[in-house]
Each structure stands twice: as C-alpha cells, then as structure tokens.
Amino acid sequence: MMESESVFPFGQSGAKASNIPEYSVSDISGAIKRTLENAFGRVRIRGEITELKRYASGHMYLSLKDEGGKISGVIWRGKVAHLGLTPENGTEVIATGRVSSYGERSNYQFLIDRMEFAGEGALLARIERLRVQLRDEGLFASERKKPLPFLPRTVGVVTSRSGAVLHDICTTISRRFPRPVTLWPVAVQGEGAVKQIVQAVKGIAQLPSPPDVLIVARGGGSLEDLMAFNDEAVVRAVAACPLPVISAVGHETDTTLIDYASDRRAPTPTAAAELAVPLRSELMADLTHRTARLTGGLSSLLQHYKMQLQHVTSRMPDLPSMLDTARMRLDDRGQRLELALPAFVMRARARLGGAAHHLPTPETLLTRRSVALERVSSVLEGSWQTLLQQRRMALLRYPLRLETIRAQITLQKTRLDGVAGHLEAVSPQAILERGYAMVQDGDGQPITRSKQAADQAIVSLRFADGQRQAQLDPAAGESTAPSSGKKRRVVTKKRPSPSQGELGL
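Residues in the sequence shown are numbered consecutively from 1, following full-length UniProt numbering.
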C-alpha cells in the first residue's frame with residue numbers, strides 16, 4: 001500500500017537510484033495520519049478503561065483494552081463536558097471518535113468525543129460498586145432520614161418541564177389538597193443532566209422561601225436513561241439536602257441510587273405527590289369524626305360534673321339553719337363572757353393582794369444589800385493589804401540581789417585579767433619583745449636548724465616591730481675567705497612586708 005503512488009501523491013527524491021519511492025520522516029508520518037483518519041473517520045470501540053490520567057490542562061488520557069489488545073486514547077478538554085459520562089478505570093464502555101496518529105512519537109491514538117456504558121451488565125456493576133461505597137460512608141443510614149411534614153405550605157419539584165410527570169404531580173396535589181408548587185426545571189437525561197439536577201437540589205433549598213418538601217421525579221425509561229439519578233454527585237446532593245426529599249424516578253420496578261439517599265421513596269411520581277400532601281376529604285372526614293367524639297365526650301363530662309354537683313349540694317346543710325345556730329351560740333358566749341369578766345377581775349385582785357402581802361419592805365431590801373456590800377468591802381480590803389505587803393518585801397530584797405550580782409561580776413573580771421596576763425606572757429609576740437627574732441624561709445616556714453637553710457639563702461627575720469630580709473653566710477669551718485678581722489656585710493634583698501610595706505637595710 002505504501003508503494004502505491006495513488007495513496008501518496010507527493011514528490012519523491014532519489015528516484016534515479018531505485019524505483020522505490022523515498023520519503024522524509026514528516027512526509028511518511030503525515031501520510032500515515034491521513035490514511036488512518038480517512039480509513040477510520042468515525043468508529044465505535046468497545047473496551048475496558050485503564051491507565052486513566054487527568055491533567056491540569058483539562059485533557060484526559062486513557063487506554064481501552066480487551067482480551068486481545070489495547071489502544072491509547074485521549075479526550076480533549078473541550079470534549080470532556082459533552083462526553084456523556086465520567087470515565088473510571090475498570091468500566092467497560094463504548095467510545096465513539098476517530099483514529100489518528102502522533103508523528104513525533106510514531107504511535108497512533110483514539111480521539112474520543114462520546115462515551116457510553118457497554119451493556120446493562122457493566123452499568124449494573126458500576127452502580128453496585130457505587131452503592132456499596134456510599135452505603136459504607138453512611139449516606140443511606142436510617143438515622144439520616146428526615147420526617148415528612150404533615151401539611152406542607154409549598155411543595156418543591158425537580159423534574160423536566162415537559163412530559164407527564166409534572167402534570168401528574170400537580171394534578172394529584174390539586175385533587176388531594178391544593179398547595180403551591182415550586183418547579184425547578186432540569187434535564188432528566190443526556191448531557192448536562194447531572195449538573196442541572198445537582199444545582200437544582202442545592203439551589204431550591206437556598207431560596208428565600210424554600211418549600212417544606214422536595215420531590216425529585218422523572219418518568220420511566222431504560223437503565224441508560226435513568227443513569228443521571230445513579231450519579232455520585234446527584235446522590236450526594238440529595239443526601240446533603242436540608243429539605244425532606246421524596247424520590248420518584250421511573251416506574252415501580254425501577255430503583256436508582258437516590259432512592260436509597262432520599263428520605264422517602266415513591267414508586268411513581270403520582271405516589272410521590274400522595275406522600276407529599278394528605279387527602280383533604282380524608283382530613284375533613286377525620287376532623288368531623290374527631291369533632292363528634294369531642295362533642296360527645298364534652299357532653300358526657302358536663303353531665304358527670306352536673307351529677308357530682310347535685311350530689312354534693314344534697315349533702316350540704318341548710319344555710320339559714322346554720323346561721324340561726326351560730327347566732328344562738330354567739331348570744332350564749334356573750335352572756336357567759338359578761339358574767340365571767342367581773343369574777344376574773346376579782347380573782348386577779350385577790351392574787352395581787354396576796355403577792356403584795358408577801359413582798360419585803362424597801363427598808364429590809366436596803367439593809368440586806370448594805371450588809372452584803374460591807375462583807376465584800378472587808379474581803380477586798382484584806383486582800384489589798386496582803387498584796388501590798390508582798391510587793392514591799394520584794395522591793396526590799398532587790399538591793400541584796402544587786403550586790404550579789406556586782407560581786408560575781410568583779411570576781412569574773414579578776415579571773416579574766418589573770419588569764420589574759422598568762423596568755424600575754426606565753427605569746428610569740430612577747431618573746432619577740434624580749435629581743436628574740438624568728439627566722440623564716442621564702443615560703444614562710446620557720447627555720448630552727450642551720451642545716452635547714454642553704455648557703456647564701458635569702459631568709460626573713462621577724463622582729464617585734466616588723467620583718468627584714470637577709471642573706472646567710474657559709475657554714476662555720478667551711479669558709480675559705482681570709483680572716484682580715486673585718487665583718488662581712490650582709491646584703492639583704494628588699495621584699496615588701498605584708499604588714500608594714502617595704503623596709504631595707
């Protein structure tokens with residue numbers, strides 16, 4: 001095929017050497033690319049997604065494989081939004097696009113612009129995996145379910161504007177109990193359906209006057225038609241919705257993932273409307289029945305209390321008779337009080353006169369108090385004289401004690417002077433005062449023998465009034481100097497005294 005000039009209608013170089021055409025690398029790469037694109041202008045490839053990579057630029061690179069081979073594929077950024085589904089590794093799909101080549105790397109690739117699940121088996125397997133994942137996360141837990149309001153003021157509906165679903169819901173609500181309906185129209189299948197449904201579920205709860213209950217509904221269809229309601233983003237949006245949500249997707253046998261995440265599942269949109277609002281006729285009948293029961297109960301209660309009142313009234317005494325009896329008792333008590341008061345006064349006077357007769361006279365009381373006061377005064381006078389005598393005796397003894405203390409002080413001072421004189425007599429300073437001197441070496445150690453110091457050694461002589469230094473002559477019997485009869489001058493080296501500063505000969 002490469003040797004056919006009809007396939008490669010461009011010039012060749014080096015035809016004189018051979019009849020085989022010669023091409024440049026870019027020419028042959030371009031020819032291969034055009035051949036692939038012309039032969040496979042638009043194809044559908046079925047395979048399992050693997051090696052999926054998403055780049056920051058928005059492009060997606062992947063591979064499609066089956067039992068016998070693998071082909072590289074790419075989804076450009078502009079095609080991702082219109083792809084039809086979200087690619088995932090391990091998902092079997094049917095991809096639509098065209099085959100092309102990349103000359104710089106000498107490989108071919110599949111440019112994908114559409115993608116759909118390959119058969120119901122793959123769809124069901126993917127749905128089941130997502131269901132298990134969301135269930136393990138707790139999105140389907142029963143404790144997350146919110147109760148439905150008994151009589152909502154407004155009913156919200158997320159569904160397609162066209163179709164019989166909205167008509168069935170509105171008709172059912174009008175028939176059962178007319179309530180205002182807030183519609184958020186969305187696409188229930190195809191491109192952009194998932195994004196619109198997620199925005200509707202989140203947005204309707206953020207309205208200034210949100211509805212009391214939300215119905216997410218669509219009519220029946222194939223499994224592919226219902227895939228928007230099996231998307232993870234839609235399920236999470238329904239689970240996170242603060243409003244009670246009723247799901248009504250498909251027919252009674254159809255089950256989607258939002259049925260697990262919603263607060264109530266209805267088999268049909270009509271059933272969802274019946275769950276949202278009660279039946280007005282039933283409410284009226286129930287209200288009439290409750291009114292009749294309340295009326296009968298109130299009548300029975302009034303009759304019962306009326307009979308109790310009559311029974312209590314019959315047992316109560318006659319009021320006029322009670323007043324007459326009380327009046328007679330009051331008159332009797334008044335008459336007895338009039339008679340008893342003078343007698344009580346007379347008895348009180350008699351007790352007072354007897355008590356006054358037994359009371360002592362003031363003169364007697366004064367005499368008793370005077371005797372007691374004199375007794376206490378005599379006792380205090382004796383105690384004071386005794387205490388004063390004791391204090392006088394103590395003061396007379398204080399001079400004797402002072403003389404004794406002075407004698408002891410004089411004796412101790414005499415003893416102290418004797419000890420001080422003895423210490424002064426035996427002290428080294430007293431010996432030095434008598435004309436003696438103490439010889440010390442350079443380290444301040446005393447020298448008591450002539451052999452302890454070397455010849456010509458510098459020694460320190462400590463006198464009573466200070467310290468001087470001197471140099472020793474050779475020992476006696478060893479000197480070789482002539483005996484001229486003159487004394488040899490002792491040369492001393494001045495050294496600062498620790499107590500008197502510097503002294504010299």
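From the three backbone atoms N, C-alpha and C, an ideal C-beta is built for every residue, glycine too.
- For Q390, DSSP records no beta bridge to any residue.
- Per DSSP, reduced to three states, the secondary structure at R44 is strand.
- Apart from the 5 residues on each side of it in sequence, L411 has no Cβ closer than 6 Å to any other Cβ in its chain.
- Taking all protein chains in view, the Cβ of G73 is crowded by 16 or more other Cβ atoms within 10 Å, so the residue is classified as buried.
- Around the CB of Q133, fewer than 16 other CB atoms lie within 10 Å, so the residue is classed as exposed.
- For G296, the uninterrupted alpha helix (DSSP H) run begins and ends at 280-315, by DSSP.
- In the three-state reduction of the DSSP assignment, T268 falls in the coil class, being assigned neither a helical nor a strand state.
- Under the DSSP assignment, K65 falls outside any alpha helix (DSSP H), being part of the beta strand (DSSP E) whose first and last residues are 60-65.
- Just measuring C-alpha positions, the residue of D113, D66, D263 sitting nearest G90 is D66.
- Between the beta-carbon of A95 and that of L64 there is about 6 Å, and that keeps the pair under the 8 Å contact cut.
- For R153, there is no enclosing beta strand (DSSP E), as DSSP marks it with neither H nor E.
- Taking C-beta separations shorter than 8 Å and ignoring five residues to either side along the sequence, the partners of A271 in its chain run A248, following chain order.
- Shown here, F463 sits in coil according to DSSP, grouped into three states, outside any helix or strand.
- Y102 has N107 as its beta-bridge partners, per DSSP.
- Taking every protein chain shown into account, the CB of N230 has 16 or more other CB atoms within 10 angstroms, so this residue is buried.
- If you look at G334, you'll find it in the alpha helix (DSSP H) that goes 319-358.
- Residue pairing by DSSP places V74 opposite Y61, L111 in a beta bridge.
- The DSSP-derived three-state label of K413 is helix.
- Burial is judged here by how many other beta carbons sit within 10 angstroms of a residue's own beta carbon; F110 has at least 16 and is buried.
- Boundaries of the alpha helix (DSSP H) harbouring A164: 164-176, taken from the DSSP string.
- DSSP places P180 in the coil class of the three-state scheme, outside both helix and strand.
- Membership of A205 in any beta strand (DSSP E) is not indicated, and neither H nor E is assigned to it by DSSP.
- The Cβ atoms of R218 and S262 do not sit closer than 8 Å to each other.
- In this chain, the alpha helix (DSSP H) harbouring V235 covers 232-240.
- Look at R161 here: in three-state DSSP terms it is coil, with no helix or strand label.
- A Cβ-Cβ distance of about 23 Å is found for the pair A425 and L461, leaving them out of contact under the 8 Å criterion.
- In this structure, the CA atom of V277 is about 23 Å from the CA atom of T255.
- Spanning the alpha carbons of I246 and R179 requires a straight line of approximately 16 Å.
- In the DSSP secondary-structure assignment, R54 is bridged to M60.
- Taking C-alpha positions only, R77 is separated from H59 by approximately 5 Å.
- With respect to the C-alpha of I215, the residue from D225, L183, L319 having the closest C-alpha is L183.
- Secondary structure of V93 (DSSP, three-state): strand.
- The beta carbons of V99 and A118 sit no closer together than 8 Å.
- By the criterion of a C-beta distance shorter than 8 Å, P152 is surrounded in its chain by R179, P211, D212, V213, A276, V277, once the five residues flanking it on both sides are discounted.
- Contact check for I169 and A233: beta-carbon distance about 24 Å, past the 8 Å limit, so the pair fails to qualify.
- Under the DSSP assignment, Q440 falls in the beta strand (DSSP E) whose first and last residues are 438-440.
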